[in-house]
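Residue numbers are given in UniProt numbering: position 64 of the sequence shown equals residue 64, and the series is strictly consecutive.
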Amino acid sequence: CDLQMYICVFKCSLLLTHKQYTAPELPPDTPRIQLRLAGDKRKHNEGRVEVFYDGEWGTVCDDDFSIHSAQVVCRELGYLEAVSWSPSSKYGKGEGRIWFDNVQCTGKEKTLALCMSNGIGVSDCKHTEDVGVVCSDKRIPGFKFINTMANNVESLNIQVEDVRIRAILSSYRKRTPVTEGYVEVKDGGKWKQICDAEWTKHNSRVICGMFGFPGERKYNARVYNLGMRRKPSYWDYSVNCTGNEAHLSSCKLGHAVAAKANSTCEGGTPVVVSCVPGRAFSPTPMTGFRKAFRQEQPLVRLRGGAIVGEGRVEVLKNGEWGTICDDNWSLLSATVVCRELGFGSAKEALSGGRLGQGMGPVHMNEVKCSGFEKSVTECFFNKESLGCSHEEDAAVTCNVPAMGFQERLRLSGGRNPYEGRVEALVERNGSLVWGTVCSDGWGTMEAMVVCRQLGLGFASNAFQETWYWPGEVSADPVVMSGVRCSGTEMSLSHCLHHGAHLTCPKGGGRNAAGVSCSETAPDLVLNPQVVEQTTYMEDRPMFMLQCAYEENCLSTTSSKTPANSYRRLLRFSSQIHNNGQSDFRPKAGRHSWVWHDCHRHYHSMEVFTHYDLLSLNGTKVAEGHKASFCLEDTDCEEGIEKRYECANFGEQGITVGCWDTYRHDIDCQWIDITDIKPGDYIFQVFINPNYEVPESDYSNNLMKCRCRYDGHRIWMYSCHNGKTMTEESFPGLLNNQVTHR
1 CDLQMYICVF KCSLLLTHKQ YTAPELPPDT PRIQLRLAGD KRKHNEGRVE VFYDGEWGTV
61 CDDDFSIHSA QVVCRELGYL EAVSWSPSSK YGKGEGRIWF DNVQCTGKEK TLALCMSNGI
121 GVSDCKHTED VGVVCSDKRI PGFKFINTMA NNVESLNIQV EDVRIRAILS SYRKRTPVTE
181 GYVEVKDGGK WKQICDAEWT KHNSRVICGM FGFPGERKYN ARVYNLGMRR KPSYWDYSVN
241 CTGNEAHLSS CKLGHAVAAK ANSTCEGGTP VVVSCVPGRA FSPTPMTGFR KAFRQEQPLV
301 RLRGGAIVGE GRVEVLKNGE WGTICDDNWS LLSATVVCRE LGFGSAKEAL SGGRLGQGMG
361 PVHMNEVKCS GFEKSVTECF FNKESLGCSH EEDAAVTCNV PAMGFQERLR LSGGRNPYEG
421 RVEALVERNG SLVWGTVCSD GWGTMEAMVV CRQLGLGFAS NAFQETWYWP GEVSADPVVM
481 SGVRCSGTEM SLSHCLHHGA HLTCPKGGGR NAAGVSCSET APDLVLNPQV VEQTTYMEDR
541 PMFMLQCAYE ENCLSTTSSK TPANSYRRLL RFSSQIHNNG QSDFRPKAGR HSWVWHDCHR
601 HYHSMEVFTH YDLLSLNGTK VAEGHKASFC LEDTDCEEGI EKRYECANFG EQGITVGCWD
661 TYRHDIDCQW IDITDIKPGD YIFQVFINPN YEVPESDYSN NLMKCRCRYD GHRIWMYSCH
721 NGKTMTEESF PGLLNNQVTH R
């Protein structure tokens with residue numbers, strides 16, 4: 001009872017705070033300023049602090065600046081709080097006057113102008129000392145934009161509490177996602193429409209991008225004019241976007257709108273936008289939403305992201321995938337990537353290999369886009385800029401449409417929000433009920449989809465028993481069975497499953513499917529150049545292959561081979577890198593590792609890699625496998641220490657930024673080609689083939705090479721990571737280089 005009363009009082013206090021929000025009353029002698037965030041942003045809620053005073057925009061010096069000063073700046077701009085601040089013109093050098101220097105705030109001031117400083121306009125700084133801030137994503141509830149300037153309102157950025165597209169027509173209200181409706185801004189705690197008198201398609205493009213849509217389209221205005229029932233409540237200003245902004249807060253305020261006495265704006269009606277969803281989010285008459293996400297453009301892809309619309313940016317050049325260096329990487333360039341792939345504008349431009357490091361070349365550096373390119377490959381870039389490594393790989397997080405998938409799944413009974421029994425919301429007999437998922441066949445791919453759908457990152461484990469996670473008793477019955485996922489689906493309901501015809505001999509409850517999720521995951525990638533450079537052929541006597549024979553590393557015909565005869569082996573080294581964000585560890589704990597007496601070592605994974613030789617039509621003609629007898633850090637990048645070593649029954653694994661090298665002279669590091677006829681073949685290596693250990697990207701676990709064997713010699717060439725051998729051209733890298741050879 002006391003707890004309920006406390007919750008009630010807490011909610012009421014929040015409500016009162018929300019209602020009572022008013023613009024701060026300032027002393028009469030306070031300088032009237034306006035703020036904005038500018039410069040080379042990587043998120044819309046960060047940037048160089050700029051101050052408008054006396055008809056001129058200027059900056060703030062970083063001397064004596066602190067997180068308390070950043071707090072004042074962010075709250076004055078309508079953000080709930082400051083996250084961090086940056087000195088030394090991180091967001092580029094500003095122009096004009098430096099209005100504030102030696103700023104010292106307590107954090108409670110209502111405006112930056114009330115903080116202690118040298119005085120407005122008094123500074124000995126240069127623009128190399130311009131300060132920047134990062135504000136929280138959340139806005140102050142009830143925040144209302146107040147313009148303190150008599151003129152120059154058009155130079156101010158838009159500051160509102162929230163924005164939405166509200167579906168008006170019944171046909172759009174029933175659709176997910178909402179693609180058409182009134183554009184409304186929340187100002188002073190109230191939703192208001194925008195007058196369309198000065199509205200442009202550039203404004204529509206920005207709004208659609210914010211809500212995860214790559215473009216806008218025309219709509220039937222007559223339907224809205226005829227169907228208007230409620231009297232609109234208009235916002236005080238119009239909007240002025242250029243069209244390449246990633247967020248409305250980067251657009252400028254338009255003219256103040258003079259509303260007529262009958263509450264209609266002069267010569268117009270409320271703004272309506274109609275957005276075009278990307279193919280992955282488009283409903284189709286036969287199948288509903290696409291069951292699994294696929295890239296819309298063949299020249300650009302995202303890798304290593306935990307959710308749809310997030311990942312390291314990779315581009316294709318001359319049949320080889322490579323990365324983009326983060327030098328000058330901005331929200332503008334990131335937005336081009338996002339729209340190209342069927343998403344909206346970029347939510348964040350990530351740098352420093354934040355979503356894992358790629359392999360292969362760095363194809364582009366110092367990318368500079370206008371924001372209207374169809375592809376990032378059309379943007380200008382500097383081909384000659386050297387010194388970029390994969391530690392500087394650029395990545396993006398894109399705005400994606402609100403599909404409501406998170407509301408149809410939950411984890412129950414776990415010790416924290418990242419683990420638990422999987423419970424799904426399904427329709428049964430005309431009503432929605434929660435129930436469990438049958439664990440028959442439940443594995444890593446299914447767990448990956450669950451974690452993605454809930455926005456919890458990657459799967460770290462998939463469980464087929466959940467007796468230790470008692471969920472809601474009412475949700476014990478099984479509502480989904482036969483679930484099989486490819487791993488790319490946006491929702492568990494998009495995976496193959498039995499539908500209404502449930503089959504689950506084990507039942508739900510304690511035998512239901514469960515998951516644990518993690519914000520990071522490893523990512524193993526085989527270095528194709530090492531394979532290509534170390535391949536050779538060896539004829540080895542059978543009496544020296546007894547251990548390999550016992551571990552099934554030879555072809556089946558070897559059982560009939562006399563001890564004094566030979567087997568012909570295709571040998572090579574493999575160098576396996578962990579380019580992810582967490583260490584690769586075998587699923588089995590050391591207590592369950594299997595001791596192999598022949599080789600005197602432990603196996604921590606039953607099968608770590610598959611080695612296959614295929615005919616050109618894809619038929620397997622020879623195979624090998626490599627049990628993970630020793631996962632350890634052979635070597636690491638500079639500055640990274642080895643953590644795993646097999647000696648003395650040590651812990652096994654591969655550290656982030658390290659690699660495990662299996663030399664060509666180790667047993668089973670081969671394919672037995674004794675029975676193979678001369679000809680052309682495809683050689684492939686598949687790491688973690690059973691998906692036993694979750695990774696952030698399985699598409700790079702496969703490596704293929706072309707292979708030619710004449711009966712006496714063997715050649716390995718065109719080795720590459722990925723499933724296909726493509727030789728597509730890359731016109732963007734040929735026509736838009738800053739420097740040419």
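C-beta: ideal position from N, C-alpha, C; glycine also.
Classify residue i as buried or exposed, calling it buried when 16 or more other Cβ atoms lie within 10 Å of its own Cβ.
i, result
"L554", "buried"
"H247", "buried"
"I146", "exposed"
"E95", "exposed"
"A256", "exposed"
"N220", "exposed"
"H720", "buried"
"Q104", "exposed"
"M490", "buried"
"V656", "buried"
"W467", "exposed"
"I640", "exposed"
Looking at residue j and residue i, is the spacing between their C-beta atoms short of 8 angstroms?
i, j, result
"E161", "T111", "no"
"S582", "S481", "no"
"residue 786", "D101", "This structure cannot speak to residue 786, because the chain is shown only from 1 to 741."
"E310", "T397", "yes"
"Y237", "G209", "no"
"P270", "D196", "yes"
"R567", "M605", "no"
"V400", "G344", "yes"
"C707", "L616", "no"
"L350", "A280", "no"
"G58", "G92", "no"
"W469", "S412", "yes"
"S439", "A513", "yes"
"V426", "G414", "no"
"K174", "L80", "no"
Do you know whose CA, among the options, lies nearest residue i's CA?
i, options, result
"A647", "C658, G639, E641 and T634", "T634"
"T520", "K41, N579 and Y549", "N579"
"V336", "W329, S375 and S699", "S375"
"Y691", "P270, R217, I682 and L702", "L702"
"N382", "H68, N365, D393 and V134", "N365"
"V315", "W595, L302, K218 and Q669", "L302"
"L570", "E651, Q669 and Y662", "Q669"
"V300", "C115, E340 and L496", "E340"
"Y418", "V450, E373 and K642", "V450"
"S516", "G420, F65, Y681 and V594", "G420"
"Y611", "A588, S573 and E638", "S573"
"K677", "W659, S66, R663 and R713", "R713"
"M359", "H390, V367 and G352", "H390"
"N552", "H596, I67, P214 and P31", "H596"
"C325", "E392, A334, L332 and Q357", "E392"
"Y717", "Y709, D62, G711 and C705", "C705"
"C630", "T609, E184 and R230", "T609"
"G215", "S333, N225 and T179", "T179"
Does DSSP put residue i in a helix, in a strand, or in coil?
i, result
"I576", "strand"
"N564", "coil"
"T287", "With a pLDDT of 42 at T287, under the threshold of 50, the modelled position of this residue cannot be trusted; read the value that follows with caution. T287 falls in the coil class under three-state DSSP."
"Q34", "strand"
"N552", "coil"
"I140", "coil"
"R230", "coil"
"M605", "coil"
"T106", "coil"
"L224", "With the sequence shown as reference, residue 224 is identified as Tyr, and Leu is not the correct amino acid for it. Three-state result, Y224: helix."
"V685", "strand"
"T655", "coil"
"H127", "helix"
Contact criterion: CB-CB distance below 8 angstroms. Does residue i meet it with respect to chain C?
i, result
"V160", "No chain C is present in this structure, which holds just one protein chain."
Next on the checklist: Report the start-end ranges of each beta strand (DSSP E) in the segment 176 to 204 that is 3 residues or longer and not cut off at the edges.
Outcome noted: Correct list: 180 to 187 and 190 to 193.
Next on the checklist: Which complete alpha helix (DSSP H) runs does the segment 64 to 101 hold, if anything under 4 residues is left out?
Outcome noted: If we require 4 residues or more, the alpha helix (DSSP H) runs fully inside the segment 64 to 101 come out as 67 to 76.
Checklist entry - Going along the chain, which unbroken runs of the alpha helix (DSSP H) with 4 or more residues stay wholly within the UniProt domain "SRCR" (409 to 518)? => result The DSSP assignment places complete alpha helix (DSSP H) segments of no fewer than 4 residues inside the UniProt domain "SRCR" (409 to 518) at 444 to 453, in order along the chain.
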